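Report on one structure; see the data block that follows.
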Amino acid sequence: MNIFDFQKKKMSGNKISMVTCYDYTSARILAGTSIDCILVGDSAAMTMHGYKDTLSATMEMMRYHTAAVSRGAGDKFIIGDMPFASYRKSLSDNITAAQILMQAGAHAIKLEGAAGNQDFIRHVTESGIPVMGHIGLTPQFMHMLGGFKVQGKTQSGADRLKEDILMLQEAGCFALVIEGVPASLGQELTQLLSIPTIGIGAGPHTDGQVLVLQDLLGLTLDFKPKFVKAFADGHDQFRNGIEAYVQAVNSGGFPEDEHCY
Ligand code: KIV
Numbered sequence: 653m654n655i656f657d658f659q660k661k662k663m664s665g666n667k668i669s670m671v672t673c674y675d676y677t678s679a680r681i682l683a684g685t686s687i688d689c690i691l692v693g694d695s696a697a698m699t700m701h702g703y704k705d706t707l708s709a710t711m712e713m714m715r716y717h718t719a720a721v722s723r724g725a726g727d728k729f730i731i732g733d734m735p736f737a738s739y740r741k742s743l744s745d746n747i748t749a750a751q752i753l754m755q756a757g758a759h760a761i762k763l764e765g766a767a768g769n770q771d772f773i774r775h776v777t778e779s780g781i782p783v784m785g786h787i788g789l790t791p792q793f794m795h796m797l798g799g800f801k802v803q804g805k806t807q808s809g810a811d812r813l814k815e816d817i818l819m820l821q822e823a824g825c826f827a828l829v830i831e832g833v834p835a836s837l838g839q840e841l842t843q844l845l846s847i848p849t850i851g852i853g854a855g856p857h858t859d860g861q862v863l864v865l866q867d868l869l870g871l872t873l874d875f876k877p878k879f880v881k882a883f884a885d886g887h888d889q890f891r892n893g894i895e896a897y898v899q900a901v902n903s904g905g906f907p908e909d910e911h912c913y
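Numbering (my numbering), first residue to last: 653 to 913.
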């Protein structure tokens, strides 16, 4: 994939599949699948570091995870997430933050929100850095949104999102993540844009879908919002494997001759 393939997928009606990833081993597995692209999301703060939200993600954390994913992802297209407030400083600091993710192996960056981001988006795209926007239930704005709440349920909320997506498209984003909006609004927003939309909790009509890897593999026990579907029972598989190992160690069944020098 490259940014033109995203556009081609929208034009041809073929869906875009995106998943988050934060480490080398998982990236190696994804490299051998038909997934279209990988997001090194700031959800790393939660899934990999145990924080309760994404506000704790730092530039160094995102650089570290992007570099690890890039070493395992083969030729997959990687989007590096700009952490909280890292793109709301001086233009020079913002560019340095984007440069860090690109030099760690990202092929594009993602950032949340619309108002106030346009100049930065114009500047980085003119500097060779493709930008994916992210609107709707934007987790970095949780304190402005009053928590993790579905967005665009009122007419004025939906109208604001329509203005935002057009602003992001005009500023130069090559694609947008739309998170946590009613399915009908996900469809309307997708139809308004010439660039592709990738939904999470935004219904079936967006041009693609994204899920957090841990959620889609069924590794997450304590977090199961309505939009998540587990496509594997990863938690039980992990636990059963570990229990089988412990039993084999305890019974002396491991190691066997074939594991010995
Ligand atoms: O960080 C992340 O995982 C994300 C996705 C939920 C889109 O931004």
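All residues carry an ideal CB built from backbone N, CA and C; glycine is no exception. On a predicted model such as this, the values are computed, not experimentally measured, just so you know.
> Just curious, the alpha helix (DSSP H) that residue 819 is in, first and last residue?
Replying inline: Unbroken alpha helix (DSSP H) run through residue 819: 807 to 823.
> Mind checking whether the beta-carbon of residue 901 lies closer than 7 Å to any heavy atom of the ligand KIV?
Replying inline: It does not: the Cβ of residue 901 is nowhere closer than 7 Å to a heavy atom of the ligand KIV.
> When the distance is taken between beta carbons, is residue 773 closer than 8 Å to residue 830?
Replying inline: Contact flag unset, no.
> At a cut-off of 7 Å, is residue 695 close to the ligand KIV when judged by its beta-carbon and the heavy atoms of the ligand?
Replying inline: Because some heavy atom of the ligand KIV lies under 7 Å away, the Cβ of residue 695 counts as near it: yes.
>> The beta strand (DSSP E) that contains residue 701, what's its start and end?
In response: Counting along the chain, residue 701 falls outside any beta strand (DSSP E), and DSSP gives it neither H nor E.
>> Whether or not the segment 737 to 756 and the segment 654 to 673 are in contact is what I'm after, with contact meaning three or more pairs of Cβ atoms, one per stretch, closer than 8 Å; do they touch?
In response: Output reads no: the segment 737 to 756 does not touch the segment 654 to 673.
>> Does the structure place the segment 716 to 730 close enough to the segment 785 to 801 that three or more beta carbon pairs sit under 8 Å?
In response: No contact exists between the segment 785 to 801 and the segment 716 to 730.
>> Taking the alpha carbon of residue 803 as the reference point, which residue from 706, 819 and 837 has its own alpha carbon closest?
In response: Of the candidates 706, 819 and 837, the one whose C-alpha sits nearest the C-alpha of residue 803 is 837.
>> Looking at the strands, I want to know which residues DSSP matches up with residue 689.
In response: Beta-bridge pairing links residue 689 to 670 and 729.
>> By alpha-carbon positions, which one of 811, 846, 825 and 814 ends up nearest to residue 780?
In response: Considering only alpha carbons, the answer is 825.
> Roughly how many whole angstroms lie between the Cα atoms of residue 751 and residue 809?
Replying inline: The alpha-carbon atoms of residue 751 and residue 809 are separated by roughly 33 Å.
>> Just to confirm, is the Cβ distance from residue 850 to residue 861 under 8 Å?
In response: A distance below 8 Å separates the beta carbons of residue 850 and residue 861.
>> Below 8 Å on the Cβ atoms is my contact criterion, and I expect residue 689 with residue 731 to pass it. Report the Cβ-Cβ distance as a whole number of Å.
In response: Residue 689 to residue 731, Cβ: 6 Å. Contact.
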